[in-house]
Amino acid sequence: MISNACPDSSVFRISSLFLSLFVSWILNAILKRTGDYLPEEIPQIVLLTFDDSVNDLNKGLYADLFEKGRKNPNGCPISATFYVSHEWTDYSQVQNLYASGHEIASHTVSHSFGEQFSARKWAREVAGQREILAAYGGVKLEDVRGMRAPFLSVGGNNMFKMLWDTNFTYDSSMPIYENRPPSWPYTLDYKLFHDCMIPPCPTRSYPGLWEVPMVMWQDLNGGRCSMGDACSNPPTPDGVYKMLIKNFERHYTTNRLDRPKKCNNAKVCNLWHKSGVRYMKTCQACPDIYPWTGKTGIRSSRIDNEIDAHE
1 MISNACPDSS VFRISSLFLS LFVSWILNAI LKRTGDYLPE EIPQIVLLTF
51 DDSVNDLNKG LYADLFEKGR KNPNGCPISA TFYVSHEWTD YSQVQNLYAS
101 GHEIASHTVS HSFGEQFSAR KWAREVAGQR EILAAYGGVK LEDVRGMRAP
151 FLSVGGNNMF KMLWDTNFTY DSSMPIYENR PPSWPYTLDY KLFHDCMIPP
201 CPTRSYPGLW EVPMVMWQDL NGGRCSMGDA CSNPPTPDGV YKMLIKNFER
251 HYTTNRLDRP KKCNNAKVCN LWHKSGVRYM KTCQACPDIY PWTGKTGIRS
301 SRIDNEIDAH E
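The opening position of the sequence shown corresponds to residue 1 in the UniProt record's numbering, with each subsequent residue numbered one higher.
Listed below in structure tokens is the structure:
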């Protein structure tokens, strides 16, 4: 069950990302086995993620979303993962987000397409950004556990070998179809069980390295998209809110898994400001919905798997 004790921020601070706007990823949150419970008995974990730079352009959005007093049903503050890229980032604001208990993650230094990068180049981009976050943002190196590739442009074995070699815990870059029920986070111990939608994908085993898949959403017309600003977005905050709720309900009524939602287009994200705050208030009104970070969600999945292994 969900603990009523708030996690130690020194343990649960995770990576930072800008505008993956409402990553609703629904985990089974430390329940023994999903199959033993009805959907309505499982807490809904809503993963909030944001990509790109952190600066004054998005400061107001974060202030509204995470305003003082906004908490989970167990009384813990709501938190998010910020996948931070270097250019245009104000690291004093990164430091403030980290100090407030949010996870900070790597989104590379140059924010470039990386499908042709060597493993060494990936290390300079991803592990290099981890070093920058520590040097200028005051984020402990060991707390930067995750990454997301810019434009979801993964680098196949070169990228995943780099993550494994440099002791990252997870990636959250690979899109996956919005099946019913949706996919859980999974480890890369074995071959991918889903289609490679944006090649190159990993073909080798990386034991213990996790993937938090980008479960695709549907717009209001049924079109698929892996990122929010790639959808055929409604032109009003009310329409965007309806799209958020439509995708949320598909997961809430099945296995209560959802997926990261990304938004990088400034015009679209401006619409999402009002709809996002409204969405957060909707989540807050429900007694079984927990907005969490990516690393905390993986920890829940890991504990669940360990319990199953000992039964």
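We put the beta carbon where it would ideally sit given N, CA and C, even for glycine.
For a test of the three-state rule: what should DSSP assign to residue i, helix, strand or coil?
i                 : result
proline 207       : strand
aspartate 51      : strand
aspartate 136     : The displayed chain sequence assigns tyrosine, not aspartate, to residue 136. In this structure, tyrosine 136 counts as helix in the three-state DSSP scheme.
tryptophan 122    : helix
aspartate 219     : coil
serine 172        : coil
glycine 75        : coil
valine 109        : coil
glutamate 142     : helix
tyrosine 190      : coil
isoleucine 45     : strand
phenylalanine 117 : coil
isoleucine 198    : coil
phenylalanine 82  : strand
methionine 147    : strand
methionine 227    : coil
isoleucine 26     : Note on isoleucine 26: pLDDT 35, under 50, position unreliable in the model; no value is reported.
glutamate 87      : coil
tryptophan 67     : Looking at the sequence itself, residue 67 is glutamate, so the reference to tryptophan does not match. Looking at glutamate 67 - three-state DSSP - the assignment turns out to be coil, as it is neither helix nor strand.
glutamate 131     : helix
Please state if the CB of residue j and the CB of residue i are separated by a distance shorter than 9 Å.
i                 : j              : result
methionine 174    : tryptophan 122 : no
phenylalanine 168 : glycine 146    : yes
arginine 278      : proline 234    : no
glutamate 131     : leucine 141    : yes
serine 275        : valine 212     : no
glutamate 115     : proline 199    : yes
leucine 152       : methionine 243 : no
alanine 105       : threonine 166  : no
isoleucine 176    : aspartate 189  : no
Pull up the CB-CB distance for residue i and residue j, whole angstroms please, since I reckon it's below 8 Å.
i             : j                : result
valine 154    : cysteine 201     : 6 Å
isoleucine 78 : lysine 68        : Wrong, their Cβ atoms sit about 11 Å apart, outside the cutoff.
alanine 99    : phenylalanine 50 : Rounded, the Cβ-Cβ distance is 17 Å, inconsistent with contact.
valine 54     : phenylalanine 82 : 6 Å
serine 92     : proline 150      : The pair is not a contact, with the Cβ atoms about 23 Å apart (cut-off 8 Å).
histidine 135 : methionine 162   : Note on identity: in this sequence residue 135 is alanine, with histidine being the wrong assignment. Actually they do not touch by this definition, with Cβ atoms about 20 Å apart.
glycine 223   : serine 232       : 5 Å
Exercise. Is it a yes or a no for the region 200-211 touching the region 238-250, going by three-plus beta-carbon pairs under 8 Å?
Worked result: At 8 Å Cβ cutoff, the stretches do not touch.
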